[in-house]
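What follows is one structure encoded as structure tokens, with my remarks underneath.
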Amino acid sequence: MTKPVVGKQKVIAITYSIVSETGEILEQSDIPVYYAHGGVNQMFPDVEDALEGHSIGDTIEVVLSQDRAFGAHDPSLTFVDDIDNVPPEFRHLGAEVQMQNDEGETRTFIVSQIEGNKLTVDGNHPFAGKTLTYSVTVNDIRDATDEEMKKGVSTPVLH
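The numbering of the sequence shown is the UniProt record's numbering, which starts it at 1 and goes up by one.
Dropping the structure here:
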């Protein structure tokens with residue numbers, strides 16, 4: 001019997017870590033998460049390509065520049081306001097604030113800094129502007145259903 005390998009029409013269970021250029025672990029999942037390889041999913045193409053052909057137990061590392069990951073940090077998505085203008089429930093680091101633009105589009109902003117009486121919210125992804133190293137281990141491989149290939153697997157993957 002041949003060993004199953006990562007390929008199209010497969011659901012892959014992975015554990016992973018995302019590490020910054022300075023070696024800081026930004027995110028880690030020791031509980032397997034799933035994605036449909038070659039289907040609709042939330043996997044970065046470079047990571048998916050690197051996993052192709054690997055087997056259960058294999059670990060790969062992929063370095064993604066900002067343009068291959070979450071993009072450059074966009075300063076136009078960062079706003080500073082007087083803390084008194086912000087409702088009390090949002091006056092802490094990490095608070096998520098929903099904001100709407102003139103076209104009715106909603107974006108989540110995160111309170112990223114509080115200094116004195118000033119509060120900063122940032123609509124960029126927390127990893128925007130960073131080169132990231134993904135270390136991914138294959139934990140399981142199984143055949144995917146047609147629905148999983150079209151709609152993805154219900155477990156979120158790699159952010």
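Glycine included, every Cβ here is placed at the ideal spot set by N, Cα and C.
These numbers were taken from a predicted model, which means no experiment stands behind them.
Rounded to the nearest whole angstrom, the CA to CA distance from Thr15 to Glu27 is 11 angstroms. Under the DSSP assignment, Leu93 falls outside any alpha helix (DSSP H); it carries neither an H nor an E label. Looking from the CA of Lys130, the closest CA among Glu105, Glu21, Pro88 belongs to Glu21. In this structure, the CA atom of Thr137 is about 14 angstroms from the CA atom of Val11. Remark: C-beta atoms of Glu115 and Gly39 do not approach each other more closely than 8 angstroms. Distances from the CA of Phe70 to each of Pro4, Tyr134, Leu119 were compared; the closest alpha carbon is that of Tyr134. Using a C-beta cut-off of 8 angstroms, the region 111 to 126 makes contact with the region 90 to 98, since at least three inter-stretch Cβ pairs fall below that distance. According to the DSSP secondary-structure assignment, Leu51 is paired through a beta bridge with no residue.
Within its own chain, the residues whose Cβ lies closer than 6 angstroms to the Cβ of Phe127, once the five positions on either side in sequence are excluded, are Phe70, listed in chain order. Between the alpha carbons of Pro32 and Pro4 lies a distance of about 17 angstroms.
In the DSSP assignment, the residues bridged to Arg107 are Met99. Ranked by Cα distance from Thr78, the options Gly123, Val6, Ser29 are led by Gly123. Rounded to the nearest angstrom, the gap between the Cα atoms of Val80 and Leu64 is 30 angstroms.
Scanning its chain for C-beta atoms nearer than 7 angstroms, with the 5 sequence neighbours on each side dropped, one finds around Asn139 the residues Ala13, Ile14, Thr15, Pro32, Ile56, in chain order. Spanning the alpha carbons of Thr2 and Met43 requires a straight line of approximately 26 angstroms. Counting along the chain, the unbroken alpha helix (DSSP H) around Asp146 starts and ends at 146 to 151.
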